[in-house]
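Those letters in the sequence shown? Residues 802 to 1144, by the numbering used here. Below is one structure; the comments refer to it alone.
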Amino acid sequence: MTEKYFVVLKDIAKRWNGKLGVEDVSLDIPEGSFVALLGPSGCGKSTTLRLLAGLEIPDEGQILIDGRDVTTSAASDRNLSMVFQSYALFPHLSVAENVMFGLKVRRVPKAERLEKLKRALEITGLLGYEGRKPGELSGGQRQRVALARAIVAGQRLCLMDEPLSNLDAKLRHSVRKDIKKLQQDLGITVVYVTHDQTEAMSMADMVVLMKDGRIQQIGTPEQLYNAPVNTFVAEFVGAPPMALIEGGALAGYGDELTIGIRAENVVQAETGSGRLKCTVTECEFLGAETLIGLDHKSAVGLTLMVPGLSLRPVGQPIEITFRDEDLHVFEKNGNRALAAAGA
Ligand code: ADP
Ligand code: MG
802 MTEKYFVVLK
812 DIAKRWNGKL
822 GVEDVSLDIP
832 EGSFVALLGP
842 SGCGKSTTLR
852 LLAGLEIPDE
862 GQILIDGRDV
872 TTSAASDRNL
882 SMVFQSYALF
892 PHLSVAENVM
902 FGLKVRRVPK
912 AERLEKLKRA
922 LEITGLLGYE
932 GRKPGELSGG
942 QRQRVALARA
952 IVAGQRLCLM
962 DEPLSNLDAK
972 LRHSVRKDIK
982 KLQQDLGITV
992 VYVTHDQTEA
1002 MSMADMVVLM
1012 KDGRIQQIGT
1022 PEQLYNAPVN
1032 TFVAEFVGAP
1042 PMALIEGGAL
1052 AGYGDELTIG
1062 IRAENVVQAE
1072 TGSGRLKCTV
1082 TECEFLGAET
1092 LIGLDHKSAV
1102 GLTLMVPGLS
1112 LRPVGQPIEI
1122 TFRDEDLHVF
1132 EKNGNRALAA
1142 AGA
């Protein structure tokens, strides 16, 4: 059943002296896809990637790459390349020497090395920078050198662990697009670790959201956004996060339920006709819209999204309403109620 997947993790567990790293991690990755491992710090993203890379060996479970069981194989035996947060470039070597380092070690002939170098520098927009040392490059350029090095390795699988977290916001955005384009042009499979939901949602074909060493949900960005399987996913994915309301505060929903609603589905109502009476706690002007934070004793994270600039005084009463089909219904244990709309 699993042969059609390029990478398969089966019931993986890893502990250190009994302390949990990851548990019950199962994942099927089709060839050519971009998979993001997403979740808060310490949830097991890097551990999962290191297990896949062969830098750690699992206590339980099985890992297959391209149909081959590599569970206990050495990292060098897995035919993959890696890009880390720290670029791990040699400071005394030039861009060209850094990119070709692995090829030289593997005794690839010089003519072939130079050809691969040229192609990788072309792809990463670094032609003309061959002779520079890493110290003479910007952060974005250094990260592109690390990418070029991964490209010349010519592997079909590339693992990346928070490769953009040392870059400033603007650069992060542009290198994000570079990486995505590269992955598509080369047709390679990328497994990409990030704690940044925007990064995961914008780059990945498939997002794997983790918490406390376990997978919470696997799906397309749309699936995680539109049908979160529990309240953790609901609050982690999307900006602003989904608001959660105690079911008892809404007519027709019981106390045993938690109701989720996204800002874009919250509508201001005429006085006396709203489903919740709230007060303004803060306003955040974002340019195209203003986010108006609302306080209600039975809800967290309620936000009204208004086009353009629309600042309201703190403490101002606002009534809101929403359509039932836009609500996400969760059970007391936090899991999505299966009969709910959109489930
Ligand atoms: P993330 O990358 O999502 O931030 P990690 O995978 O690095 O999280 O860590 C997951 C858990 O495993 C954490 O509790 C971390 O402390 C623990 N852990 C990771 N590596 C080791 C290690 N080498 N020794 C002991 N505990 C570790
Ligand atoms: Mg990590």
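No residue lacks a Cβ here, since even glycine has one placed at the ideal position from N, Cα and C.
Query raised in the report: Considering only residues of the stretch 888-925, which uninterrupted alpha helix (DSSP H) runs meet the minimum length of 4 residues and lie entirely inside it, listed in chain order?
Result: 896-906, 911-924
Query - Closest by C-alpha distance to residue 859, when choosing among 825, 885, 835, 882 - result: 825
Query raised in the report: When DSSP builds the beta bridges, which residues end up paired with residue 1012?
Result: 1015
Query raised in the report: Are residue 866 and residue 823 close, meaning C-beta to C-beta below 8 Å?
Result: no
Query raised in the report: Which residue or residues does DSSP assign as beta-bridge partners of residue 809?
Result: Beta-bridge pairing links residue 809 to 829, 865.
Query raised in the report: Got a sec, what are the start and stop residues for the alpha helix (DSSP H) residue 849 sits in?
Result: Counting along the chain, the alpha helix (DSSP H) containing residue 849 begins and ends at 846-854.
Query - Residue range of the unbroken beta strand (DSSP E) whose run includes residue 1108 - result: 1104-1108
Report task. Could you tell me how far apart the beta carbons of residue 828 and residue 1019 are, in whole angstroms, since I believe they sit closer than 8 Å? Result -> 7 Å
Report task. Under 5 Å from any heavy atom of the ligand ADP, by CB: list those residues in chain order, please. Result -> So the residues near the ligand ADP by this Cβ test are 817, 822, 842, 843, 844, 845, 846, 847, 848.
Query - Entirely enclosed beta strand (DSSP E) segments - the stretch 964-1017, minimum 3 residues - result: 990-995, 1007-1012
Query raised in the report: From residue 1064 to residue 862, what distance separates their C-alpha atoms?
Result: 41 Å
Query raised in the report: Is residue 997 near the ligand MG, with its Cβ less than 7 Å from a heavy atom?
Result: no
**Report entry** For residue 1128, three-class secondary structure by DSSP
**Finding:** coil
Report task. Would you check whether the ligand MG has a heavy atom nearer than 7 Å to the C-beta of residue 1000? Result -> no
Query raised in the report: Comparing the CB of residue 1034 with every heavy atom of the ligand MG, is any distance shorter than 7 Å?
Result: no
Query raised in the report: Helix, strand or coil: which one does DSSP assign to residue 952?
Result: In the three-state reduction of the DSSP assignment, residue 952 falls in the helix class.
Query raised in the report: Can you name the start and end residues of the beta strand (DSSP E) that residue 1118 belongs to?
Result: 1118-1122
Query raised in the report: When every heavy atom of the ligand GTP is checked, does at least one fall within less than 7 Å of the C-beta of residue 963?
Result: Among the ligands present in this structure, namely the ligand ADP and the ligand MG, the ligand GTP is not found.
Query raised in the report: Roughly how many angstroms lie between the CA atoms of residue 803 and residue 871, to the nearest whole one?
Result: With a pLDDT of 45 at residue 803, under the threshold of 50, the modelled position of that residue is not reliable, and no figure is offered here.
Report task. Determine the closest residue to residue 1059 out of 1043, 1066, 1070, with distance taken between C-alpha atoms. Result -> 1043
Requested in this report: Take the Cβ of residue 962 as the centre, count every other Cβ of all protein chains shown within 10 Å, and call the residue buried at 16 or more, exposed below.
Outcome: buried
Query raised in the report: Just to confirm, are residue 876 and residue 903 a CB contact at a threshold of 8 Å?
Result: Against a cut-off of 8 Å, the Cβ pair of residue 903 and residue 876 comes out as no contact.
Query raised in the report: With a CB to CB cut of under 8 Å and the five nearest residues on each side skipped, what residues in its chain are close to residue 1116?
Result: 1080, 1081
Query raised in the report: Going by the CB atoms, is the gap between residue 965 and residue 977 shorter than 8 Å?
Result: Yes, the pair counts as a contact, with Cβ atoms nearer than the cut-off.
Report task. Please go through the same chain and pick out, in chain order, the residues whose beta-carbon is closer than 6 Å to the beta-carbon of residue 901, but skip the five residues on each side of it. Result -> 914, 918
Query raised in the report: Between residue 942 and residue 884, what straight-line distance do the alpha-carbon atoms span, to the nearest angstrom?
Result: 14 Å
Query raised in the report: Taking the alpha-carbon positions, what's the residue 879 to residue 991 distance?
Result: 14 Å
Report task. Mark residue 818 as exposed unless 16 or more other C-beta atoms lie within 10 angstroms of its C-beta, in which case mark it buried. Result -> exposed
Requested in this report: Using a threshold of 8 Å, state whether the C-beta atoms of residue 893 and residue 1035 are closer than that.
Outcome: no
Requested in this report: Write down the C-beta distance between residue 1011 and residue 846 rounded to the nearest angstrom, noting that I regard them as a contact closer than 8 Å.
Outcome: 6 Å
Query raised in the report: By how many angstroms is the C-alpha of residue 1067 removed from the C-alpha of residue 1090?
Result: 14 Å
Requested in this report: Please work out which residues of its chain come closer than 6 Å, Cβ to Cβ, to residue 951, disregarding the five sequence neighbours upstream and downstream, and give them in chain order.
Outcome: 882, 884, 959
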